[in-house]
Structure formats: C-alpha cells, structure tokens
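*Asks:* What follows is a single structure, and I will ask about it in a moment.
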Ligand code: ADP
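Residue numbers (the UniProt record's numbering): 1 to 483.
Right under this line is the structure:
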C-alpha cells in the first residue's frame, strides 16, 4: 500500500467517536484502476444519521459562540494537519478514485485553500445599520449561522467538494454531518482523522457512510438539521430539494452541466487547444465543468481538429494514477465506462468520424482512451447529455448568433467557455450565455476566491468566494425601539 494504513478508516465518525453501522453491515470500496477491494465502510441508515445530527446540534451551541478568529484558528490547524500528510492523503485519494497523483495533490491543496479562505472570511461577516424611518427606533441587521448542515458529496473530487462545504459551514458557526460518495469514502473519513489531530470539538464534524436515500431522507426530515448542501447529479439534487422543501430547509445545489466550449475564427488556436485539453480531459472528463460540446467555427474547424488531435496524442497518457507520467486515470466504475462507450458508439452511428481513441484501454480497471470525433451533430447523445468521460466531440458552426443559441440550447447552466480575441465579441457573448461560470480564453477557472455555481437545472447557490458564506447564514433584523 502506498499510503499510511492508519488513514484507511473503516468506521464512521459520530460525535468524536469511530463506530460501525448499527446493523453491522458494510460496503466494499474498490480501486477503479485495478478492480481490487481496498476495504469496507459501515452501511449506516437513518438511526446513525439521527445520532450524528443530534451530536452536531449539541456541539453547535458552543461552536457558534466562539469568535470567528477562534474558529478560524482551529480550521487552520485542520489544514496544517492535512498538509502534514499530503502525500499519503493524495495516494489514498488516487487509490479510491483513480485520478493521477499530481491531480490528487492539487485537489487536496485546493481544499485547504477553501478552508483557509473561509477561516479568514468569517471575520468579515458584517451586519448593517439601516437608516431608520422612525425617530425613536434603530434598525440592526445581523447574520447568524443557519444551523446544522447536511452535506452530500460526489466521488469526482472526494476532498475538495467536502472542503468547500465544510470550510464555509464551520466558518459561519455551523456544525456539519457529511455523507460522501460510497465510491470514495476514505478521503472523506480522513477529514475526521485530521479534525481529531487539530483538536476540533466532538460533534462539530460528523462523517457517515451508508445507504444514500436513507441518510438523505433523515437529513431532510430531521428538524434539528437546517440546511442541505449537495453536489452531484441533477436527478438526485431535485429529489433532495423536493424533500428538503417539504421541511423548509435551506438548500444549495451544485448539479450537472453540459458545458459548451466555443472556438471562434479569431481565437488563438494554440491557447484554445490547451484550454480544451484541460477543460475536456482533466480528471478523465469527470468534472461537472468539463467541456462537453465543442463548437468550432467553420473557418478554423479543420485546423483546430488537427491541432487538438496532435495534443491529445502527445500529452495524454492513460494509466494507474499512482504511476509517474500518467495524466488519465480510469473512469470511476463500469457504469461510467459504459456511458462513454455508448456515447462514442452513438456518435459513430450518426455520422461522426473518430480521429483518435474510441476504444477501452487494457483489460483490468475502467480505462477509456482519450477520444476525439469530428462531424458531431445535435441529434447525438453527446450533444444532449453530459458524457462525464474522455470523449471530445467537435460541432461545426457558422455565426456568433448560431453558436450562442446552440450553447444555450440545454436545460443546464453551469460552466461554458469561449475563445476569441475580439473585445466586442468577448462582452456580447459573455453576457448572452446563460451560465453561472464563463471561461473566456481559459479552460480551467476554479479558485477559492471566485464564486462557483450554476443556473437553470445546474443548481442553486454559490460556493467559494465572499458570496459562499451567504448560503450558511440567516439574516436577522432587530428593531430597537423606545429610544
Ligand atoms: P454521481 O452521478 O455524480 O455519482 P449522484 O447524484 O448519484 O451523482 O451522487 C452524488 C451523491 O449523492 C453521492 O454521495 C450519492 O451517494 C448521493 N445520493 C445518491 N442518491 C441519493 C438519494 N436518493 N438521497 C441522498 N443522496 C443520494
């Protein structure tokens, strides 16, 4: 094993204690690069979730009373503990999720940046004094932590998706119950190991693995939990928002995307190719902001395709993420691999031509070759659904209006990208694209200091940045009368 085995915690963490499931049942966790079983985690349900929520509720009484600086100090200690074991945590993340070790390290470092950012930002949760329309009364506005937070997270960023939520929640004065993906529980449980090392009080962070619908239902229905923050599929997000709505819980939703990536005739083609490589193939295409539909203007279509093909063949190397030089890990599981294969076969059947890739790689694990197709058309599955894998399909367009209309022709609205050197077009297109995130001449834009969130079916709310704390705060208006 290439990481410290003490980091492989096969228990859940409730109220500062490590325990199994009430039923004694477990879930197996496998390495997608080798198909080997890494270990198990408890298969918890509603009862364990209720206990975690109760612990978080009790712990919150003291946690929210701490000054922002005191909470921030503990959060910085949590980050120090994480960074002290960065190499091992990265190897653990790669072993359960598959991404290349360098990307795993990068993800954990980004997670730390989110937590540190919020640790500082908490000192700036300002209130307001509003000029009063009454001579004898004053109007005060303060912000309070929303309450216990329930976080449900996906497997594609097993660390940073948790860090964004945990950082904001803790900074705001909330405590948290986290349910990570069943595919990547160990990177999540490692937060609890680090929280213990950092001296965070029991109950502030609780981490549960198990039956997702049951844990989700308890979070939505338990009155002591006041907010659900979710990153994952639009299908599950809508289900949770509906359940949470019945109990009037605050929700934040980071859901699926179907990102357009537009290359105009006036683009710097080399930069556009570099951006497309990063945006499409990072994490083997398994990010919710990955380019999914690549629209290239007719005048540069062939040149772009040729350069993109060369870059894919020269720069991308599939393999076990623990091996040096690998840039493309496996897909997360057999279902994910089957979806990529289906999208490629569907495109081929409808007239697309494969320029490179188009096959699985190796016999073990769930690897798919980085694939490029030209002559993609709107009737193909890749045009309508998120592939979530290493398949780049190039669509041809003629005019700016056409590109914008086609880019917006989706129920999703998370990330979009375009490449142009024309200043007027930069602003026209940026303003017309119905998306929460816009990369202009950039393919990878995530940072803790900027907001991250989608519109339409891609979600509600923002994570990161000075806006990211708002989702964890309630506004209180106090009218002080009788002066
Ligand atoms: P993905 O397709 O990215 O795996 P999912 O939405 O299926 O996205 O999973 C994201 C997270 O949602 C995971 O932690 C998963 O266990 C959880 N999840 C799946 N179904 C439900 C559900 N019915 N209620 C609550 N959480 C769920």
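Virtual Cβ for every residue (Gly too), placed ideally from N, Cα, C.
Anyone know if the C-beta pair for residue 390 and residue 384 falls short of 9 Å?
*Replies:* Not in contact: residue 390 and residue 384 (Cβ atoms no closer than 9 Å).
*Asks:* Taking Cβ to Cβ, would you say residue 454 is nearer than 9 Å to residue 436?
*Replies:* Yes, these two residues count as a Cβ contact at 9 Å.
*Asks:* Is residue 366 near the ligand ADP, going by C-beta to nearest heavy atom under 8 Å?
*Replies:* No, Cβ of residue 366 sits at least 8 Å from all heavy atoms of the ligand ADP.
*Asks:* Which class does residue 397 belong to by DSSP, given the choice of helix, strand or coil?
*Replies:* Correct three-state label for residue 397: strand.
*Asks:* Using only the alpha-carbon positions, how far apart do residue 65 and residue 173 sit?
*Replies:* The alpha-carbon atoms of residue 65 and residue 173 are separated by roughly 8 Å.
*Asks:* Using a Cβ distance threshold of 8 Å, determine whether the stretch 111 to 120 contacts the stretch 62 to 79, with at least three qualifying pairs required.
*Replies:* Touching, yes.
*Asks:* Relative to the C-alpha of residue 461, which candidate in 8, 23, 193, 255 has its C-alpha closest?
*Replies:* Per the Cα distances, 255.
*Asks:* Would the C-beta of residue 251 count as close to the ligand ADP, meaning under 8 Å from any of its heavy atoms?
*Replies:* Not so, every heavy atom of the ligand ADP lies at least 8 Å from the Cβ.
*Asks:* Report yes if the C-beta of residue 182 is less than 8 Å from at least one heavy atom of the ligand ADP; otherwise report no.
*Replies:* Yes, the Cβ of residue 182 comes within 8 Å of a heavy atom of the ligand ADP.
*Asks:* With burial defined as no fewer than 16 other Cβ atoms inside 10 Å of the residue's Cβ, what is the status of residue 266: buried or exposed?
*Replies:* Exposed, by the Cβ-count rule.
*Asks:* Does the stretch 189 to 199 come close enough to the stretch 216 to 232 to have 3 or more Cβ pairs within less than 8 Å?
*Replies:* Flag = no, the stretch 189 to 199 and the stretch 216 to 232 do not touch.
*Asks:* Closest by CA to residue 341, which one among 131, 387, 374?
*Replies:* The residue with the shortest Cα to Cα distance from residue 341 is 387.
*Asks:* Going by DSSP, what residues sit across from residue 14 in a beta bridge?
*Replies:* The partner list for residue 14 (beta bridge, DSSP) reads 17.
*Asks:* Return the CA-CA distance between residue 103 and residue 414, expressed in angstroms with no decimal places.
*Replies:* One C-alpha to the other measures close to 22 Å.
*Asks:* Spatial neighbours of residue 115 within its chain, please: CB distance less than 6 Å, with the 5 preceding and 5 following residues excluded, ordered by chain position.
*Replies:* The answer, listed in chain order, is 75, 79, 163, 167.
*Asks:* Determine the extent of the beta strand (DSSP E) in which residue 252 is found, giving its start and end residues.
*Replies:* Its beta strand (DSSP E) spans residues 250 to 254.
*Asks:* Mapping the DSSP letters down to three states, classify residue 312 as helix, strand or coil.
*Replies:* The answer is helix: DSSP assigns residue 312 an H, G or I state.
*Asks:* So residue 41 and residue 10 are supposed to be a Cβ contact under 8 Å. How far apart are they, rounded?
*Replies:* Confirmed, Cβ separation roughly 6 Å.
*Asks:* With a threshold of 8 Å (Cβ to nearest heavy atom), would residue 282 be considered close to the ligand ADP?
*Replies:* Every heavy atom of the ligand ADP is 8 Å or more from the Cβ of residue 282, so no.
*Asks:* Restricting to runs no shorter than 3 residues, where is the beta strand (DSSP E) found entirely within the stretch 357 to 437?
*Replies:* The qualifying runs are 371 to 376, 391 to 397, 415 to 419.
*Asks:* Across the stretch 403 to 419 and the stretch 288 to 302, are there enough close Cβ pairs to call them in contact, namely three or more that are closer than 8 Å?
*Replies:* Touching, yes, given that three or more Cβ pairs across the two stretches are closer than 8 Å.
*Asks:* Please name the residue, chosen from 263, 244, 105, 58, that lies closest to residue 425 on a Cα-to-Cα basis.
*Replies:* It is 263 whose Cα lies nearest to the Cα of residue 425.
*Asks:* Between residue 233 and the ligand ADP, is the CB less than 8 Å from at least one heavy atom?
*Replies:* It does: the Cβ of residue 233 is within 8 Å (strictly closer) of some heavy atom of the ligand ADP.
*Asks:* Below 8 Å, is the gap between the Cβ of residue 229 and the nearest heavy atom of the ligand ADP?
*Replies:* Result no, Cβ not under 8 Å from the ligand ADP.
*Asks:* What I want to know is whether the C-beta of residue 389 ends up closer than 8 Å to one or more non-hydrogen atoms of the ligand ADP.
*Replies:* Not under cutoff, so the answer is no.
*Asks:* Of the residues 17, 13, 358, which one's Cα is nearest the Cα of residue 338?
*Replies:* Looking at the Cα atoms, 358 is the closest of the given residues.
*Asks:* Within the chosen definition, does the stretch 241 to 249 reach the stretch 268 to 284 through at least 3 CB pairs nearer than 8 Å?
*Replies:* At 8 Å Cβ cutoff, the stretches do not touch.
*Asks:* Is residue 213 a contact residue of the ligand ADP, with contact defined as CB to any heavy atom under 8 Å?
*Replies:* Within the cutoff, so yes.
*Asks:* For residue 331 and residue 367, what's the separation of their Cα atoms in angstroms?
*Replies:* Roughly 6 Å separates the two Cα atoms.
*Asks:* From the DSSP secondary-structure annotation, give me the bridge partner or partners of residue 227.
*Replies:* Residue 227 is bridged to 149, 250.
*Asks:* Less than 9 Å between the beta carbons of residue 191 and residue 159, yes or no?
*Replies:* Yes, Cβ-Cβ distance for residue 191 and residue 159 is below 9 Å.
*Asks:* Between which two residues does the alpha helix (DSSP H) carrying residue 448 extend?
*Replies:* Premise fails: residue 448 is in no alpha helix (DSSP H) and is neither H nor E.
*Asks:* May I ask you to check if the CB of residue 257 is nearer than 8 Å to at least one heavy atom of the ligand ADP?
*Replies:* Checking the Cβ of residue 257 against the ligand ADP gives no.
*Asks:* Should residue 152 be counted as a contact of the ligand ADP given a C-beta to heavy atom distance under 8 Å?
*Replies:* True, at least one ligand heavy atom lies under 8 Å from that Cβ.
*Asks:* Quick check on the DSSP output: the beta strand (DSSP E) that includes residue 40 runs from which residue to which?
*Replies:* From DSSP, the beta strand (DSSP E) with residue 40 extends over 37 to 42.
*Asks:* Compute the minimum distance between the beta carbon of residue 217 and the heavy atoms of the ligand ADP, and state whether it is under 8 Å.
*Replies:* Yes, since a heavy atom of the ligand ADP falls inside the 8 Å radius drawn around the Cβ of residue 217.
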